[in-house]
Amino acid sequence: MSEGVVGRGDFGSMVLPSRPEVAACPDQDESINKASWELPAGIYGHAVSGSHADYDDSPEPYQAMKKVKLSNNATDKMRQHWFEQQEAQPTPGMSRTTEVTSDEAASLQDEIIPVSLKKDPYEQVELRPFSRPELALTQSFSLLNLRDWKNKIEGLMFLRCLAWYHSDVLKSRLHEVCLAITQEVCNWHNRVSCIAMETLGELYSSLQKGMDQELEATAKVLLHKTGHTNELISQPADAALGAMVQNCTPTLSMNALLAGGLGHVKAAVRTCTAQHLTTLVEKIGTGRLLSDVKDLTDRILLAVSKLVRDSSPETRSLGQQMLLFLSSHEDFDNMVEKYMTPNDLVTIRNTIVTLKNRKVSVQNIVYLGPLW
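Residue 240 in full-length UniProt numbering is what sits at position 240 of the sequence shown, and the numbering runs on without skipping anything.
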């Protein structure tokens, strides 16, 4: 007997054939290899081998190790698959509107637009309508709740597609949608932030006056981004604000700009505010602005008087342009006397006189330097 395995406390010993004889039988070879690496359990769960030199010189232990590794990988894959199934199923007691089952998610694959993440974050992606827009909206919230930036971009693309083709579905949960997008505008990943700002611009263009109730909150976040030193961040924010000015209710857009950017600490934000405010002033017209309407006439006059005294030359120039435009209305003097303090009234009148003496037109207004 050349080799044996003895279990402590047994009354006899189990004799195993020698290594060359084992190699002749494939079935026994597999069982012996398993026994050599997974020790048989005696009373104490240990086994004693009588020949260690054969294991050192033979490549079979490496083959057995390879089998063990493959078995571990298969186990890991099965465990991961089980976790994915558990996560896809809705948790009892939770809201159905925030979870999507694995079957529903699979059914969306043929309906959802293919989002290809290109090197250029501003490259347009083809959008297609959904056959189940309500489920796509739920799926977009689930994607935005994930941490991976690619999933967030995919969720934003869903919302953009819904804005173009299924705006009625978005209106039912518009506040939640805007809240989710504004959170991604502040995302640390620049690409996610840019696409979120573009998505807000799409909402302004598609829903138009339907976005009026969300203007103040969304414009405030966009105005803050216009003060970013990186143009890749500031330009999408400025473009989204331009979509707001062109498509939403002008007076409400004006109030949103004044609330979020008039007193901002950054000059770039105040300048952007003045630029879009100039567009709105010309769009609304002097007749409407100076019609002595509460929260309209008083707000625009006080805002213009503040802009013409701003420390930034560009902002001050835009304020002068708006002041000269408003002064052409016949009721301007009466409204100024009604809503402005005596000190502001003197400053405004002196500024207008100076501008008119220099024969500066509204279309060709430029920075003229300090006027007082």
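Here a beta-carbon is modelled for each residue, glycine too, at the ideal position from N, C-alpha and C. Please read these numbers as outputs of a predicted model, since none were measured by experiment.
Check                                                                                                               : Outcome
C-alpha gap between Ser206 and Leu323, whole angstroms                                                              : 33 Å
Nonlocal neighbours in the same chain, by C-beta distance under 7 Å from Lys338, ignoring five residues either side : none
Residue closest to Ala256, alpha-carbon to alpha-carbon, out of Lys266, Val245, Val265                              : Val245
C-alpha gap between Ser328 and Gly263, whole angstroms                                                              : 27 Å
Same chain, Cβ closer than 8 Å to Met340, neighbours up to 5 away in sequence not counted                           : Leu301, Leu302, Ser305, Ile348
Three-state secondary structure assigned by DSSP to Asp148                                                          : coil
Beta-carbon spacing of Ala163, Glu198 below 8 Å                                                                     : no
Presumed contact (8 Å Cβ cut-off) between residue 376 and Gly261, rounded CB distance                               : Nothing about residue 376 can be read from this structure; the chain reaches only from 1 to 372.
Top-ranked residue by Cα proximity to Val293, from Asp331, Val265, Gly319                                           : Asp331
Straight-line Cα distance separating Leu127 from Gln139                                                             : 16 Å
Boundaries (first-last residue) of the alpha helix (DSSP H) holding Pro129                                          : Unbroken run through Pro129: none, as it is neither H nor E.
Backbone CA spacing between residue 379 and Lys152 [nearest angstrom]                                               : Absent from the structure is residue 379, since the part of the chain shown begins at 1 and ends at 372.
CB-CB length for Leu241 against Ala219, believed under 8 Å                                                          : 7 Å
Contact check, Lys171 vs Gly210, beta carbons under 8 Å                                                             : yes
N- and C-terminal bounds of the alpha helix (DSSP H) containing Leu301                                              : 297-307
Classification of Leu143 by the beta-carbon crowding that lies within 10 angstroms, buried from 16 upward           : buried
Extent of the continuous alpha helix (DSSP H) run through Lys356                                                    : 342-357
Arg316, DSSP secondary structure in three states                                                                    : helix
Secondary structure of Thr249, DSSP reduced to three states                                                         : coil
Contacting residues, own chain, Cβ-Cβ under 6 Å from Tyr165 (five flanking each side not counted)                   : Pro129
Spatial distance of Ile352 from Lys266 (CA atoms)                                                                   : 27 Å
Runs of alpha helix (DSSP H) lying entirely within the stretch 188-276, each at least 4 residues, in chain order    : 190-207, 215-226, 231-247, 250-261
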